Amino acid sequence: MRSDGKRRRASVGLALASGAVLLFLHGPIGIILLYAFTTDDSSYTFPPPGLTTRWFGVAWQRADLWQALELSVRVAGMATLVALALGTLAAAAVWRSRFFGRDAVSFLLVLPIALPGIVTGIALRSAIGLAEIPFSFWTIVIGHATFCVVVVYNNALTRFRRTGSSLLEASMDLGANSFQTFRYVLLPNLASALLAGGMLAFALSFDEVIVTTFTAGQQETLPLWIFSQLTRPRDRPVTNVVAVFVIAVTFVPIFLAHRLTRSKGDTGSSA
Amino acid sequence: MPEVKEAAVELERVTRRFGDVVAVDNVDLRVADGEFFTLLGPSGSGKTTCLRLIAGFDLPSAGRIRLHGADVTDRPPYERNVNTVFQDYALFPHLTVGENVAYGPMIRGVARDERRRLAEEMLALVELSGLGGRKPSELSGGQRQRVALARALINRPRVLLLDEPLGALDLQLRQQMQAELKAIQQRIGITFVFVTHDQEEALTMSDRIAVFHRGRIEQMGTPAEVYEEPATEFVAGFVGTSNILRGEVARRWIGRDGVFSLRPEKVQLLAPGAAAPAGFCTATGRLRELVYAGMMSRYTVELDGGGTLVLVAQNLAASARDAAPAGAEHGRSVLLAWDPAHNRPLGAG
Amino acid sequence: MLAQFSTYLYRRPRLALALLLGPPLLWLGVAYLGALAALLVQSFFSLDHFTGQVVHRLTLATYGDLFTRANLDIVLRTAGMAAAVTLAAAVLAFPLAYYMTFRATPRARGWLYLAIVLPLWSSYLVRVYAWKLLLSKEGILSWLAAHTGTGGLLEHWLALPLVGGPSLSISTTGIFLAFLYVWLPYMILPIQAALERVPRSLLEASGDLGAPPRATFLHVTLPLVFPGVVAGSIFTFSLTLGDFIVPSVLGNSSYFIGQAVLAHQGTSGNIPLAAAFTVVPMTIMGLYLLLARKTGAFDAL
């Protein structure tokens, strides 16, 4: 039974390697949590000399943080709305019809996230420069929506394909016009996928820094605030607190989006 | 004759092309009011496309479509007084069974209580009373099929379209549903246009059948007409089985030139030297294969001078030994005889 | 009204399609393709070094500025890092993806999937920050090294040319670790998807034909999963090429492409040179995508 023992060893080795990779993926997040409570305010000493919650209070008082947060939320909200509308339309078109250049549409949608972020960034910066558009809330939103569309598109298209076209035909057959069919059949079947896509788009936009660097001008989103702290640390303890906050804010929608797209499929596809 | 009545569905020179593929090729069709009309054909023959054109899910490339005299050629599905039972049932997964059935009235703006009553009535018709609160995913295949039927009938369409509705059911349930569908059709008295690839289903259920092949209708007629008088080689082979006699074989045993269909059950198996009934066609040959199939047996005979003929004989044997004799039969000479009226000359198709 | 419009559109499927496709195509066409075009145009402009103004006249001068020894170093440094990160990510991703597909129960697989997707979507910036904490001189890695007696080893490593630096938090090794960490999920997912598509019957057939597990892995599993690895590498490669966050947080004055672009457009206001610089990663990615296409990686995306 030599080969059995060998196989068992290989199996244990595989499990250990997988565990190590998982630790590599998640350990650093734990470090962030720990540092939010350290009493050390001028370096990153490990182990922390002491623990405190006072930095949360300090961060709460910072007006610059609130402003950055507000801008980030507004940008992410608007970018998500635009992405929802455009992504759903594109997915519907690609799903419903076979037309010349269908693959090109998919390709065009993926391009903004497939090309390096600085390309999108500097491209938008060039266009803004050439057209002499002043930097504003909208210049940030345009950049964000451009790469958020594909997230919604993917989610919606997957759901469309699972929904099957006969449901739409059944609805029209029973007397519903296209808009009623959208309202009573398509939207209810699509809703959770759109919610998931929207949340992912929000998380993506809320966290974006590379493209934003080029489109924000003097404005400061939360990620830009963090980035400036990373290169020139001035408020280490506050940065630690903000890091924990950002992790929490992005984890929740991702977790929910994951649940929405997974569990729904089991009941929906069997009919 | 059904043709005398007003046509419930009328297709006039209808063609549907998908790129270079002609799915429906210049089809003319008239379905009489109240008829159980079947579109029969193998997959890819154009029968389903034809049904989708009638429903309005697809628009024809050329030709006109009329429902009860009204031209609906380019009207969308929701402006046609027909309803469809889908092959995959297409029940809305997010709605309950009751809501599914009440979908049509809901769209028409019927009040909640009234449409609930209507739905209950329809569910009773398909013997699913009390299941209105369930989700489609909680039903069996046969039950979903009934829900799809109830949902399609609630709008009181003048024509019901059924796209292989029994295809997903097992044999026993299928036969039961065939009988029920037929009963429901007779009870409510509306036109059924039924698509199937199962020739037996078509023969047992239909008033009339249109046999599709490569986008065209090869033959249209009552089940007996289609079976007894197949017009083309394709129909002879697709609806039931047939011996096709042509060329030398036809000249030798029938005494005529041409292509003929001869159904296996029309041929009698006689002992060599026996007297065939007067005026019958006869042929001689050797028995090559005997397949015992319970209520009947299938014989394959190698004809003298080339060619084979298959015939089916009803099983009249009284014992196992008689019914399925051992290898002794193999190669023995036989005499075959049949009424020349059964020689059906075939068109080119 | 709506019903009539619906009917009108029903008869004109091409118009309906145009209405569906119009807004997204218009947006991406104008906001994105238009911007890319602007980028290309800008790269053919030049900066007047005396006035600091961009001269709107087509010239190749900016590309001439691009091909200097220093810039070539930047490109090589970045591409080398992208390649190293890609390779390491493939090596790390494989066992986890393999475990997920062939060993884990369906329930565990769901959780593992979440465990990979969460870092993928969660704040990239904060995850880079985590490495600043981990790698800093007084941070946990140094502490670990000191307490396990490997402090000397770490010193030696940091003293090496190419990979070292004054401390872990300002070193090429640090940049490499952070890149590997932030892009690893992008490699795991395509590999896992590719493994999932390997028909179990094929593996059984191979075992059935007498192949030992190692041979099955080498001759059946690996070739079938290769497109997944290439698909993952598209992400890790492209993301590393275009990043300026990690090297600015953990690096020294040796620039990566992203930093050079940022510096040229920002402090020196030389948008033409910044634009010309981004043509480099675009060209590299274009060539890479062409190669990747041959392996069938696009089906694995």
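Chains as they are written, first to last, in the working numbering: chain S, 102 to 372; chain F, 696 to 1044; chain V, 155 to 455. Cβ coordinates follow ideal geometry from the N, Cα and C atoms, glycine included. Since the model is a prediction, treat every value here as computed from it, not as a measurement.
* Note down, one range per segment and in chain order, each alpha helix (DSSP H) of at least 4 residues found wholly within the segment 877-903 of chain F. => Scanning the segment 877-903 of chain F for uninterrupted alpha helix (DSSP H) segments of 4 residues or longer gives 894-900, listed from N- to C-terminal end.
* Any C-beta of chain V sitting closer than 8 Å to the C-beta of Val-353 of chain S? -> no
* Asked: What did DSSP end up calling Pro-1040 of chain F once you bin it into helix, strand or coil?
  -> strand
* Asked: For Thr-154 of chain V, which three-state DSSP category applies?
  -> Residue numbering for chain V in the displayed model covers 155 to 455; residue 154 of chain V lies beyond these limits and cannot be assessed.
* **Neighbour list for Arg-165 of chain V in chain F, Cβ cutoff strictly below 8 Å** => Leu-754, Asp-769, Pro-771
* Name the DSSP beta bridge partners of Val-1005 of chain F, please? -> F:Thr-995
* Asked: Which word fits Arg-110 of chain S, buried or exposed, when buried means at least 16 other C-beta atoms lie within 10 angstroms of its C-beta?
  -> Residue environment for Arg-110 of chain S: exposed (fewer than 16 other C-beta atoms within 10 angstroms of its C-beta).
* Asked: Looking at the C-beta of Phe-781 of chain F, does it have a partner C-beta in chain S at a distance below 8 Å?
  -> yes
* To do: With a threshold of 16 other CB atoms inside 10 Å of the CB of Glu-309 of chain S, please say whether the residue is buried or exposed.
  => buried
* To do: Report the three-state DSSP secondary structure of Arg-958 of chain F (helix, strand or coil).
  => coil
* **Classification of Ala-170 of chain V by the beta-carbon crowding that lies within 10 angstroms, buried from 16 upward** => buried
* Since Glu-960 of chain F meets chain V, which of its residues come closer than 7 Å, beta carbon to beta carbon? -> Under the 7 Å cutoff, chain V gives no residues; its nearest Cβ is about 44 Å from Glu-960 of chain F.
* Asked: Any beta-carbon of chain V closer than 8 Å to the one on Ala-304 of chain S?
  -> Closer than 8 Å to some Cβ of chain V, the Cβ of Ala-304 of chain S qualifies, so yes.
* Does the Cβ of Gln-319 of chain S have 16 or more other Cβ atoms within 10 Å, making it buried, or fewer, making it exposed? -> exposed
* Kindly provide the ranges of any alpha helix (DSSP H) runs that are 4 or more residues long and lie completely inside the segment 915-958 of chain F, ordered along the chain. => 918-923, 928-933, 942-948
* So which of F:Trp-1033, F:Gly-980, F:Ser-756, F:Phe-752 has the shortest CA-CA distance to Val-719 of chain F? -> Checked all of F:Trp-1033, F:Gly-980, F:Ser-756, F:Phe-752; the closest Cα to Val-719 of chain F is F:Ser-756.
* Could you tell me if Lys-742 of chain F is buried or exposed, where buried requires 16 or more neighbouring beta carbons within 10 angstroms of its beta carbon? => buried
* Asked: From the beta carbon of Val-339 of chain S, is the nearest beta carbon of chain F less than 8 Å away?
  -> no
* Whole-Å CB distance - Asp-141 of chain S paired with Pro-129 of chain S, under 8 Å assumed -> Not really, about 18 Å apart at Cβ, beyond 8 Å.
* To do: For the alpha helix (DSSP H) containing Arg-708 of chain F, list its first residue and its last residue.
  => Per DSSP, Arg-708 of chain F belongs to no alpha helix (DSSP H); it is in the beta strand (DSSP E), 702-713.
* Asked: In whole angstroms, what is the alpha-carbon distance linking Arg-759 of chain F and Arg-829 of chain F?
  -> 42 Å
* Measure the Cβ-Cβ separation of Phe-787 of chain F and Leu-268 of chain S and say whether it is below 8 Å. => Cβ distance < 8 Å, so Phe-787 of chain F and Leu-268 of chain S count as in contact.
* Can you list, in chain order, the residues of the segment 844-878 of chain F whose Cβ is nearer than 8 Å to any Cβ on chain S? -> Arg-846, Ala-847, Asn-850
* Which stretch, first to last residue, makes up the beta strand (DSSP E) that contains Gly-980 of chain F? -> 976-987
* Do Val-854 of chain F and Val-921 of chain F have their C-beta atoms closer together than 8 Å? -> no
* To do: Please confirm whether Ala-926 of chain F and Leu-1041 of chain F have their CB atoms less than 8 Å apart.
  => yes
* Asked: Ala-292 of chain S: beta carbon under 7 Å from a heavy atom of the ligand MG?
  -> As presented, the structure is devoid of all ligands, the ligand MG included, so that no description of it is given.
* Could you tell me the distance, in whole angstroms, from the CA atom of Ala-236 of chain V to the CA atom of Val-211 of chain S? => Between the alpha carbons of Ala-236 of chain V and Val-211 of chain S lies a gap of roughly 21 Å.
* So, is the C-beta of Gly-366 of chain S closer than 8 Å to a C-beta in chain V? -> For Gly-366 of chain S, the predicted model reports a pLDDT of 39, less than 50, meaning its position is unreliable and no value from the coordinates is stated.
* Counting only runs of 4+ residues fully inside the segment 130-171 of chain S, write out the alpha helix (DSSP H) ranges in chain order. => The qualifying runs are 155-161.
* Take the Cβ of Val-159 of chain S as the centre, count every other Cβ of all protein chains shown within 10 Å, and call the residue buried at 16 or more, exposed below. => exposed
* Would you be able to state if there are at least three C-beta pairs under 8 Å between the segment 996-1011 of chain F and the segment 955-974 of chain F? => yes
* Stretch-stretch touch, CB-based, cutoff 8 Å, three pairs: the segment 390-398 of chain V with the segment 309-322 of chain V -> Taking a cut-off of 8 Å on C-beta distances, the segment 390-398 of chain V does not touch the segment 309-322 of chain V, as fewer than three cross pairs fall below it.
* Asked: Quick one: does Glu-924 of chain F have its CB under 8 Å from some CB of chain V?
  -> No, Glu-924 of chain F does not count as interfacial toward chain V.
* Excluding five sequence neighbours on each side, which residues of the same chain lie with their C-beta closer than 7 Å to the C-beta of Val-239 of chain V? -> Phe-330, Phe-333, Leu-334, Trp-337, Thr-390, Thr-394
* Asked: Just how far apart, CA to CA, sit Thr-995 of chain F and Ala-971 of chain F?
  -> 19 Å
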